[in-house]
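Enquirer:
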Amino acid sequence: MPGSWPPAAALAAEVRLSAALLAGRVRRTELVAGGWLSAVAGAEVRLKLECRQRTGSFKIRGACRRLLALDPVRRRRGVVCASTGNHGAAVACAGLELEVPVTVFVPAGAEPAKLARIRRLGAGVEIRGRDCVEAEAAARAEAAATGRTYVSPYNDPLVVAGQGTVGLEVVESWPEVEEVYVAVGGGGLAAGVAAAVKDKRPDLRVVGCSPSASAVMAASVRAGRILDLPSAPTLSDGTAGGLEPGAITFPLCRELIDDWIEVEEAEIAAAVLGLLERERILVEGAAGVAAAGLRRAAAGRSVGRAAVILCGGNLPRPVLRGLLAGPAAGEPSSAQR
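Heads up: the sequence shown runs through residues 0 to 336, numbered per our numbering.
What follows is the structure, given as structure tokens:
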């Protein structure tokens with residue numbers, strides 16, 4: 000795909016191609032009725048269960064799509080990435096299946112359980128730097144020095160196209176859908192989903208949802224440029240962090256996302272617990288952000304037929320225990336009462 004970032008129409012075409020290439024490699028996850036959120040919203044709500052995708056998140060889609068595009072020489076050289084979570088596991092899984100060597104760079108202090116998971120998927124692990132920024136810098140340096148391919152979690156057109164197949168499945172399964180709620184971090188999922196659904200339904204509303212503690216993309220869109228902002232700790236660690244200068248997802252999100260919603264930590268926790276206790280669906284914090292975004296939207300306006308993308312289900316046990324010890328599931332925050 001030529002250019003520094005793909006126009007929306009070109010990205011939508013790449014999403015369709017990606018869907019064909021990924022068939023049989025990733026799950027076409029269910030889009031199920033969400034009774035609890037339907038009652039909250041006063042409208043029909045369906046839940047896209049990427050929390051039950053291979054490796055427990057949507058990330059396997061973009062990782063597989065990127066590795067499938069490697070030529071034979073680059074496949075033999077292998078790939079590197081930087082991640083302590085879903086992206087690292089997804090790249091490791093894709094590499095194992097496609098016989099591409101993978102090395103995942105992680106910072107010192109990364110959780111041993113997460114490192115063990117990556118190793119079980121056949122990837123090598125390199126511990127570099129004090130934080131994720133330094134680990135990523137080390138991974139990029141390794142790629143430049145060795146000729147291996149660096150796989151970005153969001154700043155790559157093919158990764159974005161792979162993630163966009165989530166949205167394509169939503170509109171194919173439910174042509175009558177009127178709104179889609181999606182969590183936004185680096186914007187790979189949101190940009191891909193928005194391009195895919197608006198190609199089919201230009202009138203469909205895409206709502207980008209972020210934790211107030213780390214809403215860099217939303218703030219950048221409002222400012223008209225990529226901002227370098229600090230992030231506070233958040234239950235939605237999968238969406239936390241900043242944007243690379245020149246990130247291809249920024250112009251796409253600016254063009255394609257219709258509304259932006261920021262939610263507080265109590266709202267995220269209530270959404271995660273509500274999905275668990277009311278729907279028997281275990282999700283991680285990032286998925287809770289999208290559900291919380293719908294709840295906040297419904298408190299302020301009429302909501303149409305809505306799909307909520309539950310992007311991942313990898314909720315660490317200590318976090319789950321902490322949530323279960325807190326307020327009752329689904330208890331609204333002051334913003335939702």
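We put the beta carbon where it would ideally sit given N, CA and C, even for glycine. Everything numeric in this text was worked out from a predicted model, so none of it was measured.
Look at the Cβ atom of ARG45, then the Cβ atom of LEU30, and state whether they are nearer than 8 Å.
Expert: Cβ distance < 8 Å, so ARG45 and LEU30 count as in contact.
Enquirer: So, are the CB atoms of GLY191 and GLY163 less than 8 Å apart?
Expert: Their beta carbons are under 8 Å apart, which means GLY191 touches GLY163 by this criterion.
Enquirer: Using C-beta distances below 7 Å, list every residue in its chain close to MET0, excluding the 5 sequence neighbours before and after it, in chain order.
Expert: With a pLDDT of 42 at MET0, under the threshold of 50, the predicted position of this residue should be treated as unreliable, though the coordinate-derived value follows. Closer than 7 Å at Cβ, skipping near neighbours: ALA9, GLU13 and PRO156.
Enquirer: Provide the residue(s) that pair with PRO210 in DSSP beta bridges, ordered along the chain.
Expert: Beta-bridge pairing links PRO210 to VAL262.
Enquirer: Output the boundary residues of the beta strand (DSSP E) element that contains THR102.
Expert: First-last of the beta strand (DSSP E) with THR102: 101-105.
Enquirer: Name the DSSP beta bridge partners of TYR149, please?
Expert: VAL79.
Enquirer: If we count Cβ pairs, one from each stretch, closer than 8 Å, do we get three or more for the segment 138-150 versus the segment 72-81?
Expert: Result yes; three or more Cβ-Cβ pairs closer than 8 Å.
Enquirer: Which residues bound the beta strand (DSSP E) around LEU309?
Expert: Residues 305-309.
Enquirer: According to DSSP, simplified to helix, strand and coil, what is GLY123?
Expert: It is a strand residue.
Enquirer: Here's the rule: buried if 16 or more other CB atoms are within 10 angstroms of the residue's CB, otherwise exposed. What is ALA107?
Expert: It counts as exposed.
Enquirer: Hey, quick one: how far does the beta strand (DSSP E) through LEU242 stretch, first residue to last?
Expert: That residue, LEU242, is in no beta strand (DSSP E); it is neither H nor E in DSSP.
Enquirer: Measuring straight from C-alpha to C-alpha, what distance separates ALA189 and ALA138?
Expert: About 25 Å.
Enquirer: Can you check whether the CB of TYR180 is closer than 8 Å to the CB of VAL39?
Expert: No, Cβ-Cβ distance for VAL39 and TYR180 is not below 8 Å.
Enquirer: Report yes if the C-beta distance between LEU228 and ALA218 is below 8 Å; otherwise report no.
Expert: Taking 8 Å as the Cβ cut-off, LEU228 and ALA218 qualify as a contacting pair.
Enquirer: Curious, which full-length beta strand (DSSP E) runs of at least 3 residues does the segment 25-84 contain?
Expert: Runs of the beta strand (DSSP E) inside the segment 25-84: 30-32, 44-48 and 78-81.
Enquirer: Grab me the residues of SER333's own chain with a C-beta within less than 7 Å of its C-beta, minus the 5 sequence neighbours each way, in chain order.
Expert: In this prediction, SER333 has a pLDDT of 30, which is less than 50 and means its spatial position is unreliable; nothing more can be read from the coordinates.
Enquirer: Which residue or residues does DSSP assign as beta-bridge partners of VAL181?
Expert: Answer is GLY207.
Enquirer: Since PHE57 contacts VAL165 with CB under 8 Å, what's their CB separation in whole angstroms?
Expert: Confirmed, about 6 Å.
Enquirer: Could you check whether ALA91 and CYS63 sit closer than 8 Å to each other, using their CB atoms as the reference points?
Expert: Cβ atoms of CYS63 and ALA91: not closer than 8 Å.
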